[in-house]
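Accompanying notes for the structure given below.
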Amino acid sequence: MANKDYSNLSKEELIELVDKLESKKKYGLVWDEERVPEKVVIDCQQNLPVLTEVLEKSITTNESEPTHIIIEGDNYHSLSVLSYTHKDKIDIIYIDPPYNTGNKTEWKYNDQYVDENDNYRHSKWLNMMGKRLELAKDLIKPGGSIFLSIGDDEVANLKLLCDKILGLNNFITVMSRIAKTASNKGKYFAPSCDYVLLYTKQAEDLNDDSFNQEVNSDLYKKDDEDGLGKYRDDIALYQSSLDPLRGCVNQRYFIQDPDGGLLIPPGEIFPDEKEDAAFVPPKKKTDKVWRWSYATYLQQKELLVFKETKTSPLLNENGKQAKYNIYTKSYLKERQKSGVKPRNFLIEKEFLNRKGADYIKKMGISFDYSKPKALIDYLFSLSNAKKDAIILDFFAGSGTTGEVVLDLNKKDKGNRQFIVCTNNEIGFKEEKEFKKQNKLTEEDYKQWIKEKNPKYLEFLEANGVATSVCYPRIKNVVKGYKEISKVAKDIKGKGNNIRYFKTSFVPNSKNKDQLRLNITKKCTEMLCLKEGIFNLHKQADDWQIFTYGGKFLAVYYDFPNSSLDELKAEMNKLKGEKVLYCFTVSPYGLEEENFTDWKDIRLEPIPQKILDVYKRIFKK
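Quick note: the sequence shown uses this note's numbering, first residue 110, plus one each step.
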């Protein structure tokens with residue numbers, strides 16, 4: 110309807126139309142479109158977003174080990190770049206976005222804090238999240254997983270937003286987590302839990318066992334006399350929570366005990382025949398039932414274990430308290446075959462928020478909103494991703510996701526790679542104190558930022574989330590550190606390699622030749638990121654060769670008067686995995702027959718988004 114012409118309608122006709130539209134029932138998520146668009150979105154639409162490597166922050170321990178990526182900058186910008194370097198490559202996404210509680214120090218929209226007095230607080234948050242999820246969706250592999258942490262204020266909105274963007278059919282579950290145990294800040298109730306939403310890229314690629322957990326073998330402590338292996342027998346056959354009137358009509362029957370007596374769950378109605386397996390349908394909710402159906406009992410009664418107890422919940426054939434309670438044997442081998450469905454209510458103490466903040470304090474790093482490692486580790490275990498998975502967190506904060514990946518690689522010698530994106534914002538208190546110390550008005554402060562005042566840059570490096578929390582933490586884990594505690598101890602580094610990037614744009618130029626050079630130079634860095642090959646090996650005016658971990662990447666710039674022969678000769682000398690990109694406006698640059706006599710080389714097209722920029726700028 111937005112494209113229709115309403116200029117000829119009378120006032121009365123317009124009122125009638127508005128009334129009609131407002132009377133229509135709506136289902137789904139509806140919110141106000143942003144009144145002031147995000148600046149970063151506009152910038153990414155008008156310019157080519159790229160990343161610039163900060164070489165002094167790179168860490169190389171062993172090129173044969175995985176190389177991980179830290180990106181400093183706005184996550185919309187980061188995702189825009191990753192959309193042409195990692196499309197359909199990501200196995201797992203985990204994000205912990207702002208919960209939008211109304212706290213004025215929690216998050217910014219267009220560099221302005223959003224608080225509870227902002228009438229468009231929820232709309233701004235939805236606009237912000239929606240744009241980022243649209244980009245993230247294209248990064249996930251088919252069958253890949255995305256986990257989203259969120260609180261009470263936005264959990265309903267986020268669920269509907271994800272249903273819209275990721276697809277309702279791709280929704281898996283909402284997990285509730287006990288996050289706090291000592292909070293009393295709520296207006297009516299003390300907030301003690303938050304949530305983790307789980308979606309997949311394509312649910313049709315999953316099966317019933319896609320999220321099964323490993324069985325906890327420690328629970329299976331007994332050895333079977335018949336050689337059937339370890340088993341447990343501590344799960345009662347009767348569970349009081351079962352509703353007898355909901356599909357359980359064949360689950361109320363007598364079971365004979367070792368003394369020849371009969372046992373039945375509590376209730377008022379009993380079978381007419383007093384013998385083993387005699388059953389009667391429950392008539393009331395008070396007529397409780399067994400976990401097993403009548404048929405299952407007949408097939409597996411040899412798995413029952415009778416234990417004498419003075420507190421049995423069961424009744425005998427006379428309606429009196431029974432001498433025994435009944436438990437079922439469960440064998441470890443069989444349980445391992447069937448797997449264990451994970452529960453969507455997380456109550457473990459190691460998942461509490463305080464565990465996250467307390468942990469990184471031992472590194473000398475202060476950050477109040479760090480999720481506990483155990484929680485992230487548990488979520489990743491649900492995905493069943495392979496040991497070479499690529500894991501993305503574009504609300505990385507303190508970098509917990511990165512450390513968990515390093516832990517996993519160390520534990521099982523995996524080759525997982527993380528990409529973590531975080532801004533370099535300064536905490537509200539630190540920012541306020543800096544302004545006070547330097548006697549800066551709000552306008553003065555903005556001017557210092559715009560002019561990149563040296564004093565401000567020094568302050569930013571020492572206090573920004575990326576530079577003072579995320580990067581130092583991951584650096585410590587990779588290289589090792591001395592733990593700060595009552596008894597300081599040396600923590601060994603876990604190895605792996607780190608590359609650090611900042612978001613930026615291709616510098617503009619009225620000179621098309623210069624602009625082309627700028628684009629090709631910056632996009633070459635993006636191709637290095639795409640292939641994971643970073644170190645310059647050799648270069649000429651119209652080509653470059655990079656190497657890393659025994660692999661080689663060649664980038665050819667099809668400029669006038671350039672020659673391919675020299676590059677060909679150099680590449681044919683090299684041994685190892687080789688890939689070539691040609692920077693021209695066509696997908697493969699030159700014709701493919703130009704490369705038929707090249708030895709063992711993979712020819713790749715330039716990412717479409719980069720080609721689109723070329724075509725826009727250099728169209729005839």
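C-beta atoms are modelled at their ideal positions from N, C-alpha and C, and glycine is treated no differently.
In this structure, DSSP gives Val688 an extended state, which the three-state scheme calls strand.
For Asn266, same chain residues with a beta-carbon under 7 Å away, outside a window of 5 residues either side, are Leu138, His231 and Leu235 in chain order. Going by DSSP, Pro158 is part of the beta strand (DSSP E) stretching over Pro158 to Glu162. Closest option to Val324, judged by alpha-carbon separation, among Lys446, Gly253, Ser254 and Glu225: Lys446.
Distances from the alpha-carbon of Tyr203 to those of Leu662, Lys482, Asn533 and Lys708 put Lys482 closest.
When DSSP states are grouped into helix, strand and coil, Glu263 belongs to the coil group.
Going by beta carbons, Asn644 and Thr629 fall outside the 7 Å limit.
By the CB criterion at 7 Å, Cys302 and Ala291 fall outside the cutoff.
By the criterion of a C-beta distance shorter than 8 Å, Arg144 is surrounded in its chain by Tyr229, once the five residues flanking it on both sides are discounted. Note on the stretch 408-488: whole alpha helix (DSSP H) runs with a minimum of 4 residues are 441-447 and 462-470, in chain order.
Tyr185: member of the alpha helix (DSSP H) spanning Asn184 to Thr194, first to last residue. In summary, Thr395 is exposed, with fewer than 16 beta-carbon neighbours lying within 10 Å of its beta-carbon over all protein chains present. Exposure of Arg452 is indicated by the presence of fewer than 16 other C-beta atoms within 10 angstroms of its C-beta.
Rounded to whole angstroms, the separation of the alpha carbons of Thr437 and Gly448 is 17 Å.
Taking 8 Å as the upper bound for CB-CB distance, Lys631 and Val159 are in contact here, some 4 Å apart. Rounded to the nearest whole angstrom, the C-alpha separation of Asp381 and Gln408 is 23 Å. Pairing Pro251 with Lys294 gives a Cβ-Cβ distance that is not under 7 Å. In the DSSP assignment, Ala245 falls within the unbroken alpha helix (DSSP H) covering Arg230 to Lys246.
In this structure, DSSP gives Glu713 an extended state, which the three-state scheme calls strand. Fewer than three beta-carbon pairs drawn from the stretch 313-321 and the stretch 351-368 are found closer than 8 Å, and the two stretches are therefore not classed as touching. By the beta-carbon neighbour count (other beta carbons within 10 angstroms, threshold 16), Ala299 is exposed. Take Asn533, set aside five residues on each side of it, and the residues of its chain with a beta-carbon closer than 7 Å to its own are Glu181, Leu569, Gly573, Val574, Ala575 and Thr576, in chain order.
Only residues of its own chain outside the window of five on either side were considered, and among them Ala597, Lys598, Asp599 and Ile600 have a CB closer than 8 Å to the CB of Lys591, listed in chain order. Annotation for Ser132: the continuous alpha helix (DSSP H) segment containing it runs Lys120 to Ser132. In this structure, the straight-line span from the alpha carbon of Pro207 to that of Ser613 is close to 24 Å. Note on the stretch 595-646: whole alpha helix (DSSP H) runs with a minimum of 4 residues are 621-640, in chain order. Contact check for Ile535 and Ile179: beta-carbon distance about 18 Å, past the 8 Å limit, so the pair fails to qualify. Check the Cα spacing between Cys637 and each of Ala663, Gln623, Arg241 and Pro146: the tightest is with Ala663. In this structure Ser507 is buried. Its beta-carbon is surrounded by 16 or more other beta-carbon atoms within 10 angstroms. The beta carbons of Leu673 and Val586 sit about 44 Å from each other, so the pair does not count as a contact at 8 Å. Ranking Lys660, Leu626 and Gly659 by CA distance to the CA of Trp652 puts Leu626 first. Look at Ala678 here: in three-state DSSP terms it is helix. Ile474 counts as buried, since at least 16 other C-beta atoms from the protein chains shown sit within 10 angstroms of its C-beta.
According to DSSP, Val305 shares a beta bridge with Ser258 and Met284. Taking the C-beta atoms as reference points, Lys718 is found no nearer than 7 Å to Tyr185. With contact defined as three or more Cβ pairs closer than 8 Å, the stretch 360-377 and the stretch 412-426 are in contact.
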